[in-house]
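Peer 1: In this text, residue positions in the sequence shown follow this note's numbering: the first is -11, and each later residue adds one. All C-beta atoms, glycine included, are put in the ideal place defined by N, C-alpha and C. Below are the structure tokens for one structure; questions will follow.
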Amino acid sequence: MEGPQIETPCIQVCKIDPASGLCTGCRRTLDEIMGWLAMTPEERRKVMARLPDRATETTMEPS
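Here you go:
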């Protein structure tokens, strides 16, 4: 039995910052964005756990 689905962190502000390689809206990498639907709930939880650190480590502003 699978646990609850992990919702996407996408906020519809989709632009990849060339310096960091992260989306300025959700802070995911392009590979994470493209692979999101195929990820297991555990893989999604791991990505979600990394996002707060990425937000504090980067200075890019959402577009």
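1. Closest to D5 by CA distance: which of M36, T17, A26, E30 is it?
2. My guess is that G9 and Q0 are in contact by the Cβ rule of under 8 angstroms, so how many angstroms apart are they, rounded?
3. Is the separation between the beta-carbon of Q(-7) and that of P40 shorter than 8 angstroms?
4. Thinking R15 and A43 are a contact (beta carbons under 8 angstroms), I'd like their distance in whole angstroms, please.
Peer 2: Reading it off the structure:
1. T17
2. That pair is no contact at about 20 angstroms.
3. no
4. 6 angstroms
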